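Numbering (the working numbering), first residue to last: 64 to 457.
Notes for the one structure printed next.
Pasting the structure below:
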């Protein structure tokens, strides 16, 4: 593995953004052409929101410049588009048809994506038509994605509110503020609504790292803290404790959606490559076996070589993600999965990562195989729908 592939050092927000842009946006050569424009659309929208959040907290000059450039690009595009819409409708056929199919709100959201602006003005007719169909089919997804990340889409339209354009004033009417919640506190239901994921009657909360509460049973020591015998960091190969952490923007580019018969799952909004580390499985660290829940616990282990060079495995703790955790806890099972759980030693701890085992395309569900140990005590059938399903009619 490349030394810096998933290592987070003290790099600027711009350097980090540029590094992941090559992974998740339009320029990935290994993906089908049809999936690139829609993947780039989500990436660009997320980028605007990303830099808006950075500049609101502690802006560096370069961050502010990038955000201003993104915002001005969207404003200029919307201004010209609305001028052409009103004064030169013949030359604005694409815009007319697009706004008629998805409305002004989605248009303003998409206008913040540089890739969309290029496709709208310069893209060939066939690729534009395919992109428009995908946007129309995923209109709700785009709206939730942008609103949950505080995209300022309404501002560029407000200066044109006096124009008598069909649907414009309706688009500018107030929405419920869903940006108060973390994006992964929202799941899109089959009937198009939003709901907060809950477990045993309690709302679940996003948490980017583990929680460890010391007890007398574990003598106050966190069982996942790195030990010398576990070997080097899997990212930088350091034999001593380092500051490496799993660094992935995949969590920004997934959404929680409800799947028929299987409940909430995870849908990709980018093109992920095989071997990409998508995230970690986080939660409350519990010493020993969790018996009070059968849905979210995951055993944290570690692989290492003993003093004689023999491969060993050790079980360290259970991760309880029932109330606190990341989006990774919502990944559904499949007997033909697109990702897997993997034990890793990274930085100062042992962790469980979610890693793609094959290429995952935009709008594809991210799945893992829960394993035979999960299914052994259960009698209900597997509903993954795969041709390789091992438990179809139990």
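C-beta atoms are modelled at their ideal positions from N, C-alpha and C, and glycine is treated no differently.
If you're wondering where the values come from, they're calculated on a predicted model, not measured in any experiment.
Separation of residue 124 and residue 79 (C-alpha to C-alpha, rounded to the nearest whole angstrom) is 16 Å.
Distance from the Cα of residue 115 is smallest, within the candidate group 204, 345, 209, 329, for 209. Scanning 387, 368, 333, 305 for the CA closest to the CA of residue 343 turns up 387.
With 16 or more neighbouring CB atoms inside 10 Å of its own CB, residue 104 falls in the buried class. At a Cβ-Cβ threshold of 8 Å, residue 337 and residue 284 do not count as neighbours. The alpha carbon of residue 245 has as its nearest neighbour, out of 314, 304, 302, 131, the alpha carbon of 314. Secondary-structure assignment with DSSP links residue 409 through a beta bridge to 412.
Annotated three-state conformation of residue 124 is helix, per DSSP. Taking C-alpha positions only, residue 190 is separated from residue 184 by approximately 12 Å. Taking the Cα of residue 434 as reference, the smallest distance to any Cα among 415, 404, 155, 365 is reached at 404. The three-state reading of DSSP puts residue 150 in helix, counting H, G and I together.
Per the coordinates, the alpha-carbon of residue 347 lies some 35 Å from the alpha-carbon of residue 450. Rounded to whole angstroms, the separation of the alpha carbons of residue 385 and residue 269 is 11 Å.
Residue nearest to residue 444 within the set 110, 392, 407, 397 is 397 (criterion: CA-CA distance). Note on geometry: alpha-carbon atoms of residue 407 and residue 272 lie some 15 Å from one another.
Residue 289 and residue 84 have their C-alpha atoms roughly 32 Å apart.
Linking residue 361 to residue 109 through their CA atoms gives a straight-line distance of about 30 Å. A direct Cα-Cα distance of roughly 16 Å separates residue 295 from residue 377. Within the stretch 291–337, the runs of beta strand (DSSP E) at least 3 residues long that lie entirely inside it are, in chain order, 317–322, 326–331. Following the DSSP letters along the chain, one finds residue 342 inside the beta strand (DSSP E) bounded by residues 340–343.
Under DSSP, the beta-bridge partners assigned to residue 274 are 347.
Pairing residue 98 with residue 424 gives a Cβ-Cβ distance under 8 Å. Sequence-distant Cβ neighbours of residue 316 in its own chain, meaning closer than 8 Å and more than five residues away, are 87, 105, 106, 109, 331, 332, 333.
If you check the CB distance, residue 266 and residue 259 come in under 8 Å. Rounded to the nearest whole angstrom, the CA to CA distance from residue 215 to residue 173 is 12 Å. Within the same chain, 154, 155, 158 come within 8 Å of residue 147 by CB-CB distance, once the 5 residues on both sides are set aside. With a minimum length of 4 residues, the unbroken runs of alpha helix (DSSP H) contained wholly in the stretch 366–439 fall at 435–438. Straight-line spacing of the CA atoms in residue 231 and residue 204 works out to 20 Å. Cβ neighbours of residue 366 within its own chain (closer than 6 Å, five residues either side excluded): 376, 406.
Nearest C-alpha to residue 415 among 150, 135, 163, 363: 363. Residue 198 is positioned such that its CB atom lies no closer than 8 Å to that of residue 171. In the three-state reduction of the DSSP assignment, residue 116 falls in the helix class. In the three-state scheme derived from DSSP, where H, G and I count as helix and E and B as strand, residue 262 is classed as strand. Assignment of residue 132 by DSSP, reduced to helix, strand and coil, places it in the helix class. When beta bridges are read from the DSSP output, residue 363 appears opposite 380. For the pair residue 226 and residue 175, the CB atoms are not nearer than the 8 Å cut-off.
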